[in-house]
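Student: Residue numbers (the working numbering), protein chains in the order written: chain A, 1 to 277; chain B, 278 to 554.
1. How far does the alpha helix (DSSP H) with residue 405 of chain B in it extend, from its first residue to its last?
2. Taking contact to mean at least 3 C-beta pairs separated by less than 8 angstroms, is the region 186-203 of chain A in contact with the region 128-135 of chain A?
3. Determine contact between the region 315-324 of chain B and the region 528-545 of chain B, defined as no fewer than three beta-carbon pairs at a distance below 8 angstroms.
4. Just to make sure I have the definition right: I need the residues of chain A whose C-beta is within less than 7 angstroms of the C-beta of residue 552 of chain B. Which are they?
5. Do the CB positions of residue 292 of chain B and residue 488 of chain B come within less than 7 angstroms of each other?
6. Going by DSSP, what residue range makes up the alpha helix (DSSP H) through residue 467 of chain B?
7. How would you call residue 368 of chain B, buried or exposed, if buried means at least 16 neighbouring beta carbons within 10 angstroms?
8. For residue 434 of chain B, which beta-bridge partners are listed by DSSP?
9. Flag this pair as touching only if the region 140-148 of chain A and the region 53-61 of chain A have three or more C-beta atom pairs under 8 angstroms; answer yes or no.
10. Select from the region 108-130 of chain A all residues with a C-beta closer than 9 angstroms to any C-beta belonging to chain B, and list them in chain order.
11. Over what stretch of residues does the alpha helix (DSSP H) that includes residue 486 of chain B continue unbroken?
12. Which residues bound the alpha helix (DSSP H) around residue 71 of chain A?
13. Could you list the residues in the region 191-205 of chain A with a C-beta less than 7 angstroms from some C-beta on chain E, going in chain order?
14. Which residues does DSSP pair with residue 329 of chain B in a beta bridge?
15. Determine whether the Cβ of residue 547 of chain B lies closer than 7 angstroms to any Cβ atom of chain A.
16. Would you call residue 268 of chain A buried or exposed, if buried means 16 or more other Cβ atoms sit within 10 Å of its Cβ?
17. From residue 104 of chain A to residue 346 of chain B, what does the alpha carbon distance come to, in whole angstroms?
18. Within a Cβ cutoff of 6 angstroms, which residues of the same chain sit near residue 54 of chain A, ignoring the five residues on either side of it in sequence?
19. Please decide whether residue 159 of chain A counts as near chain B, where near means a Cβ-Cβ distance under 7 angstroms.
20. Can you tell me the Cα-Cα spacing of residue 86 of chain A and residue 199 of chain A, whole angstroms?
21. Around the C-beta of residue 116 of chain A, are 16 or more other C-beta atoms found within 10 angstroms, so that it is buried, or is it exposed?
22. Check the Cβ-Cβ distances between residue 521 of chain B and every residue of chain A, and say whether any is below 7 angstroms.
23. By the DSSP assignment, the alpha helix (DSSP H) with residue 89 of chain A in it spans what residues?
24. Have a look at residue 50 of chain A and residue 536 of chain B and give me their C-alpha separation to the nearest angstrom.
25. Between the Cα of residue 74 of chain A and the Cα atoms of A:81, A:96, A:109, which residue gives the shortest distance?
26. Applying a beta-carbon distance threshold of less than 7 angstroms, which residues of chain A neighbour residue 418 of chain B?
27. So with Cβ pairs under 7 angstroms, would you call residue 102 of chain A a contact of chain B?
28. Going by DSSP, which residues form a beta bridge with residue 301 of chain B?
29. Show which residues of chain B have a CB atom less than 8 angstroms away from the CB atom of residue 106 of chain A.
30. Taking the continuous alpha helix (DSSP H) assigned at residue 416 of chain B, which residues delimit it?
31. Taking DSSP as the reference, what is the three-state secondary structure of residue 253 of chain A?
32. Mark residue 246 of chain A as exposed unless 16 or more other C-beta atoms lie within 10 angstroms of its C-beta, in which case mark it buried.
33. Taking Cβ to Cβ, would you say residue 370 of chain B is nearer than 7 angstroms to residue 341 of chain B?
34. Please look up how many angstroms separate the CB atoms of residue 515 of chain B and residue 485 of chain B, rounded, as I've assumed it's under 8 angstroms.
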C-alpha cells in the first residue's frame, strides 16, 4: 500500500492586484498578474492522527491546510519543505494548501479533478484570510494573468509567454491578512490600471513596469524596497515589489548586476504537480 | 539581436472525443480527454524568406504552420525535431503549429498572450483539418479533460491529477482528416458516455477504461491494436488506443510487462513552453 504522496507547488510572486469579494469564498479572489517560481514548496502527506503540520521540520498551525484536510475528510500528517522566505510574498501558505490537496487526494483515493482540488485549496486560503490569488496562479504556472477572480469555475486566466531567470531579495514580512482584510479601495484604481496595461501588451517588461506603478500608487513601497528597485533600475535592470512582502524581485540578473546577493531561480512553466513515487 | 527563438510542445494522445463544429474555427474543436507526453516536438523559428518548414531535417508542407505564420504576419523558417511517430495520434501537427506560434511571437516581438497564441494555433489546426483538441491540450499539459470544445476563449478544461511513466507502440497511420472530416455521428454517443465516466471519477484508470470503451464502440479498433490491448490486459496492465493512429499506449510498464518493446516517456506536467536561449 502507498504510504505517502508528494506534490510540488511553485512559489508565486504577485506584482499587482485588485481584491474581489463575494459571499462564496470560491468566487472571492483577486485579479492581477505574477510569476510562478521554480523555488517552491514540496509537500508530503502521510497517514496520521491529525492534522499535524510541519514546515521545514517545525510544527506549525496553518488554517488553510487544516481546512483542506477537513474538506477532504482525511486525517493526515503534512510535511512541507521550502527554501522560500515565509510571510514575504511568495505564497507559501497557498502552496502548502494546494500541495496538501493534490497529495491527500492521491493518498486517500478521493478521485477529485484538478479544478476541484484547486477550488478546495483556493477556498480554504480565502477563508483563512492568507491569500486571494496565489493558489490559482500556482496551479497554472508560468507568468499568470488573473483576468477574473476566483477558483477555476468562476475565474478566468491568461499568461505572459516567458521563460528565464528570476532573482529576489527579502527585507522582511508584511501582513497579508492586515492589508487584504482592511480597506482595499486604494488598491482598486492602480490595480485595474496595471492589469489593463498588461492585457494590452502581455510581455515581461510591461509586467514589471505595471508592478512598479501599482506599488507606488497603492502606497505599499517601504524604504528598503524603493532603494533596491532604484539600484536595479540604475544598473539597467527591471525590478519590482512582491505583493505582499518586503521583497524585491528582478528579471534575469537585475539584482546581481546592481551588486546585491540575491536568491536565484527561474520561471516555473508547469504549475503545481504530483511528484512520482 | 536575438536570431532564433525556441519552444517545446509535448506530444498528446487523445483517448476519446466528440466533434463539435461551429462556423468560427476557434469555437470548433472536440471534447474528450488525453495525456500530454514528455516526448514532444522542439520548434526553432528563425528569420528567413519563408515560409520554410522542416521536420527532422526534411522539407515538409504543413498547412496549420503556414497559417500560424500568416496570422502573425511573419516570414520565417521553422525547424521542428521530434522522436514521435507522425500521423499516428501524437498531435505532431498541432505541436509544430503551437510551437511556431510561441517562438515566432517571441522572435518577432508580437506581444501576444498565451491564450491568444493558443487560439491562433488551434484555429489554424482546425482550418487545416488536422486536429481538433491537441493544441489546447498541449498548451495545458498533464492529463487534460476537454469539457467544452474550442480555444481558451470558449473552451473549458479540467485535468486528471496524475504523474508517471507512459509507454507506447505504433503499427501505422490513420488519417485524422478522413475520420474527423467525415460523418462523426457514430462517435457522439460513445464520446459523451466516455467523458461523463471520466468527469464522474477523474483518475488514470477510469480514463483508460473510458478510452477502451470509446475505441470499441466507435468501431475504430484495428486488429493489431485490439490484440495488443488484450495482451497488456492479460499481463495485468492498462492500455488503450490513441485517437487517431494505430497506436497503443499504456500506463506504467504495461506494454513492457506484456513482452513488447515500447517507446517510454512520462506525463508532461508543464504543457507548451518557450525554451531559454
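Where a beta carbon is used, it is the ideal one built from N, C-alpha and C, also for glycine.
Tutor: Let me lay it out:
1. 391-405
2. no
3. yes
4. 163
5. yes
6. From DSSP, the alpha helix (DSSP H) with residue 467 of chain B extends over 462-477.
7. buried
8. B:423
9. no
10. 109, 111, 112, 113, 114, 115, 116, 117
11. 481-494
12. 63-71
13. The chain inventory of the structure shown lacks chain E, comprising the protein chains A and B.
14. B:354
15. yes
16. Buried, by the Cβ-count rule.
17. 44 angstroms
18. Once the five neighbours on either side are set aside, the close Cβ partners of residue 54 of chain A are 79.
19. yes
20. 30 angstroms
21. buried
22. For residue 521 of chain B, the closest Cβ of chain A is not nearer than 7 angstroms.
23. Careful: residue 89 of chain A lies outside any alpha helix (DSSP H) and carries neither H nor E.
24. 44 angstroms
25. Residue 74 of chain A has its Cα closest to that of A:109, out of A:81, A:96, A:109.
26. 270
27. yes
28. Residue pairing by DSSP places residue 301 of chain B in no beta bridge whatsoever.
29. 438
30. 411-417
31. Looking at residue 253 of chain A - three-state DSSP - the assignment turns out to be coil, as it is neither helix nor strand.
32. In this structure residue 246 of chain A is buried. Its beta-carbon is surrounded by 16 or more other beta-carbon atoms within 10 angstroms.
33. yes
34. With 8 angstroms as the limit, residue 515 of chain B and residue 485 of chain B qualify as a contact, their Cβ atoms being about 4 angstroms apart.
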